[in-house]
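Encoded as structure tokens, the structure appears first; notes follow it.
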Amino acid sequence: MFNQKKVNPEKVRYLKRIISLKLKLPETTILSIAELNCHEPDCPPKETVITANAIDGKSKTWKIAKSIDEIDNFDVENLLKI
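Below is the structure:
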């Protein structure tokens, strides 16, 4: 039950850095990245949820149907086009 693999903190920092740069987010924006297990039908086994919370209370959420370790620059580019 608790044998989950630890997410690579360097990969999370890298993703936060490239997303922040691509979106030109101010330093006051809180960017969070979480890897979730999905138990719903027709759902990928792992999903990464990325949320940007601005200081004014506005937020934006993106989802990638992959684990954090599987995300590459192509995924980030496609995500930010939406």
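Numbering-wise, the sequence shown is residues -12 to 69 according to this note's numbering.
Glycine is no exception: its CB is placed at the ideal position from the N, C-alpha and C atoms.
Bounds of the beta strand (DSSP E) holding Glu34 are Lys33 to Asn40.
With 16 or more other CB atoms across the displayed protein chains lying within 10 angstroms of its CB, Ile20 is buried. Per DSSP, the unbroken beta strand (DSSP E) holding Ser46 starts and ends at Ser46 to Ile51.
Asp43 and Ile6 have their C-alpha atoms spaced approximately 19 angstroms apart.
Ile51 is positioned such that its CB atom lies no closer than 8 angstroms to that of Asp59.
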